[in-house]
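Student: Numbering (this note's numbering), first residue to last: 660 to 1162.
Where a beta carbon is used, it is the ideal one built from N, C-alpha and C, also for glycine.
A quick note: this is a predicted structure, and the numbers were derived from the prediction, not measured.
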Ligand code: MN
C-alpha cells in the first residue's frame, strides 16, 4: 500500500534577466541536464522533474502555487545557478505549502583554472547566488534542508534521497486518517495528546471508533475467506502443532483470521493509514488482535497499542520513509533489561504487536494465553530480529509542542534462545550505552512505545522533523548527558519564545 510511483519533486532553478538570453539558455540547458542526470543516477527514490528557469517574482509565485496544487509533487529542490535577487522569492516562498530543499551545488565540478574568464564567472555564480537565496529563507525563518556539494557526488545524492523519503512521509501524512478503536489505556499519560494540534501541525486526523463497529465488520466475514487466509498462514509460517488443520486450537486461528479480515475491510473502507487498539476495550472481540496487527503493519499500516495514536502515525511515517529499503519497521516497546555490568542491553517486544517486516527468519505462528485483558488466548507470530544498526523514535506532546526523540541502537542476537518467550522480540544495545541513552531518553520524556526501524535513518527522521516543525533530539554515539540536559533546557526556552520570534 506504500508506493512512490507517480510521486515527484520539482527541480527549480532561479536566475534573473541581467545576463541576457544566451546565459539564460545555458542555465536552462544545464538545469535540465542536472535533473535528468540525477534521475539517471538511480540513487533517488523519486522522479526529478525539470521546471523552466524562474527569473521574475510572478513566475516564482506561480511556480510555488502550481507546486501546492500538484497532487504528485512532494516538494521542490531549489538552486540558483546564477544570482536571483531574493526579494523576488518572498511572495512565492510565502505561498509555498510544500517542503523545499536548497541544493547548493554547481554545474561544473572543477574550476577551469587556466581557462576561467568572466563569462564563466557570470554563468557559475551559485557560490554567492545561493547565499542570497539562503538569506531570505533564514530571514523568513523557513524550515528547509541545505545540501552542499557536487550534484553527481554520491553523498549529495544520498542526502537528497534521504530528504525525498522524509518529504514522501510528510506528503503521505497530509489528510491521512487514523482510526482509534476504543480510547486510551486508562490513566496512561504519554500516549495521550492534543489531536487537534496534531491535525493542524502534522496534517493527519485521529478519530475514535467504537469496538462495536469493528465487531460488526468482523462478524460478516464469510467462512470461505477464512479458509483462504488460514491456508495462507499455513504456507507462510511455521505453524504450531495445535494450530494446524488437525490441531485442537485451529478454531482460535480461524478466529484470528476472521479478526484480520474484518479489520482489514474496516480500514480499507475508511481509507485509514494507521490505527490503534486497546486491550481494555475489546467488547465483542474474542481475542486481542495480535496476528492481524502484525500482518497489517507488514502491509504498511501504522500501529500503536493502548490507544497510542502518535506512535501509530509515526510508525506509518517511518514505513513510508523506509519503503523499498532493506530492513523493516515496527511498533516497539522497551520491555525489559539485561543489566549486566559489561554490556547492558534492552529486550524490546510487545504483548503481541510486533511487525513481521523485522523478522530475521520465517516466523513461527503460535498461540499462548495473554495474562492481561481477560480474553481468549490470541494467535501471534514469534520471531527475533537480525543483528545490525537500527533506530528507535518517539513522538511526544510536551504541551506547547511536539518533540521527537531518536536513539541509535545496535541489534544483537539473544545470548541464548528465547525458547519460552511467546512473543516476537528484538535485543539491542543503545548508543552510546544503556546508561546514557536511557537517562537521556527519560529526561526527554521519551515514551515506552517507539517506532523501531532497520531501514529508516536518523537523517530521514531529522529531515521529517524539519519539514514538520518538530523539536528533534538525537541520542547517539556522541551524546553527552550534561550537554543533552542543557539542550533540553535551551529548547524549552526556544519553544516558549519562538512563537514571538517566528511571527
Ligand atoms: Mn504498550
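Please determine whether the Cβ atom of residue 761 lies at a distance below 7 Å from any heavy atom of ligand 1.
Tutor: Outside the cutoff, so no.
Student: With the cut-off set at 8 Å, would you say residue 1026 and residue 899 are in Cβ contact?
Tutor: Contact: yes.
Student: State yes or no: is the C-beta of residue 903 within less than 8 Å of the C-beta of residue 865?
Tutor: No, Cβ-Cβ distance for residue 903 and residue 865 is not below 8 Å.
Student: How long is the line joining the alpha carbons of residue 723 and residue 1125, rounded to whole angstroms?
Tutor: Those two C-alpha atoms are separated by around 19 Å.
Student: Jot down the residue ranges of each uninterrupted beta strand (DSSP E) in the region 702-729, minimum 3 residues, whole runs only, in chain order.
Tutor: Those beta strand (DSSP E) runs which fall completely within the region 702-729 and span 3+ residues are 706-709.
Student: Please find out if some non-hydrogen atom of ligand 1 comes closer than 7 Å to the beta-carbon of residue 1096.
Tutor: Answer for residue 1096: no, Cβ out of range of ligand 1.
Student: Is the beta carbon of residue 964 within less than 7 Å of some heavy atom of ligand 1?
Tutor: Because some heavy atom of ligand 1 lies under 7 Å away, the Cβ of residue 964 counts as near it: yes.
Student: Once the 5 residues before and after residue 1136 are set aside, which same chain residues still bring their CB inside 6 Å of it?
Tutor: Excluding sequence neighbours, residue 1136 sits near 1090, 1091.
Student: Rounded to whole angstroms, what is the Cα-Cα separation between residue 672 and residue 766?
Tutor: Each residue's alpha carbon lies about 12 Å from the other.
Student: Throw me the rounded Cβ distance for the residue 1045 and residue 1019 pair, which I believe falls under 8 Å.
Tutor: Sure, about 4 Å apart at Cβ, within 8 Å.
Student: For the region 713-722 and the region 674-690, state whether three or more C-beta atom pairs, one from each stretch, are separated by less than 8 Å.
Tutor: These segments touch.
Student: Could you check the C-alpha separation between residue 793 and residue 1015 for me, to the nearest Å?
Tutor: If I take the Cα positions, the gap works out to 44 Å.
Student: Is DSSP giving residue 1029 helix, strand or coil here?
Tutor: The answer is coil: DSSP assigns residue 1029 none of H, G, I, E or B.
Student: Might you give, ordered along the chain, the residues of its own chain that have their beta carbon closer than 7 Å to the beta carbon of residue 661, omitting 5 neighbours on each side?
Tutor: Correct list, in chain order: 959, 978, 979, 982.
Student: DSSP state of residue 1009, grouped into three classes?
Tutor: Note: residue 1009 maps to coil in three-state DSSP.
Student: Just list the residues that DSSP pairs residue 732 with in beta bridges.
Tutor: DSSP lists 667 as partners of residue 732.
Student: Between which two residues does the alpha helix (DSSP H) carrying residue 892 extend?
Tutor: Element bounds for residue 892: 882-895.
Student: By the 10 Å Cβ neighbour count, where 16 or more other Cβ atoms means buried, how is residue 787 classified, buried or exposed?
Tutor: Its Cβ having fewer than 16 others within 10 Å, residue 787 is exposed.
Student: State the start and end residues of the unbroken alpha helix (DSSP H) segment that holds residue 1102.
Tutor: Note, residue 1102: alpha helix (DSSP H), 1093-1102.
Student: Considering only heavy atoms of ligand 1, does any lie closer than 7 Å to the CB of residue 992?
Tutor: Because some heavy atom of ligand 1 lies under 7 Å away, the Cβ of residue 992 counts as near it: yes.
Student: Can you tell me whether residue 1031 is buried or exposed? The criterion is at least 16 other CB atoms within 10 Å of its CB, across all chains shown.
Tutor: Exposed: under 16 other Cβ atoms inside 10 Å.
Student: Residue 809 and residue 764: beta carbons closer than 8 Å?
Tutor: Yes; because the gap between Cβ atoms is below 8 Å, this pair is in contact.
Student: Note down the Cα distance separating residue 937 from residue 806, rounded to an integer number of angstroms.
Tutor: Residue 937 and residue 806: Cα-Cα distance of roughly 43 Å.
Student: Terminal residues of the continuous alpha helix (DSSP H) containing residue 693?
Tutor: From DSSP, the alpha helix (DSSP H) with residue 693 extends over 680-699.
Student: Contact between the region 859-878 and the region 983-994: three or more CB pairs below 8 Å?
Tutor: Contact between the region 859-878 and the region 983-994 is absent, because fewer than three Cβ pairs lie under 8 Å.
Student: Please indicate yes or no: does the CB of residue 867 lie closer than 7 Å to some heavy atom of ligand 3?
Tutor: Absent from the structure shown: ligand 3. Ligands present: ligand 1.
Student: Could you spell out where the beta strand (DSSP E) holding residue 1133 opens and where it closes?
Tutor: Run containing residue 1133: 1130-1134, per the beta strand (DSSP E) assignment.
Student: Write down the C-beta distance between residue 934 and residue 837 rounded to the nearest angstrom, noting that I regard them as a contact closer than 8 Å.
Tutor: With a Cβ gap of about 7 Å, residue 934 and residue 837 count as contacting.
Student: Identify the continuous beta strand (DSSP E) that holds residue 1040 and give its terminal residues.
Tutor: Unbroken beta strand (DSSP E) run through residue 1040: 1038-1041.
Student: Going by other Cβ atoms of all chains shown within 10 Å of its Cβ, with 16 needed for buried, is residue 681 buried or exposed?
Tutor: Exposed: under 16 other Cβ atoms inside 10 Å.
Student: Excluding five sequence neighbours on each side, which residues of the same chain lie with their C-beta closer than 7 Å to the C-beta of residue 1095?
Tutor: 1138, 1140.
Student: Is the beta carbon of residue 1009 within less than 7 Å of some heavy atom of ligand 1?
Tutor: Residue 1009: yes, Cβ under 7 Å from ligand 1.
Student: For residue 1113, does the count of other Cβ atoms within 10 angstroms reach 16, so buried, or fall short, so exposed?
Tutor: It is buried - the Cβ of residue 1113 has at least 16 other Cβ atoms within 10 Å.
Student: Quick one: what's residue 775 bridged to in DSSP?
Tutor: According to DSSP, residue 775 bridges with nothing at all.
Student: Just how far apart, CA to CA, sit residue 1071 and residue 1001?
Tutor: The alpha-carbon atoms of residue 1071 and residue 1001 are separated by roughly 15 Å.
Student: Verify whether the separation of the beta carbon atoms of residue 1057 and residue 1120 is less than 8 Å.
Tutor: Taking 8 Å as the Cβ cut-off, residue 1057 and residue 1120 do not qualify as a contacting pair.
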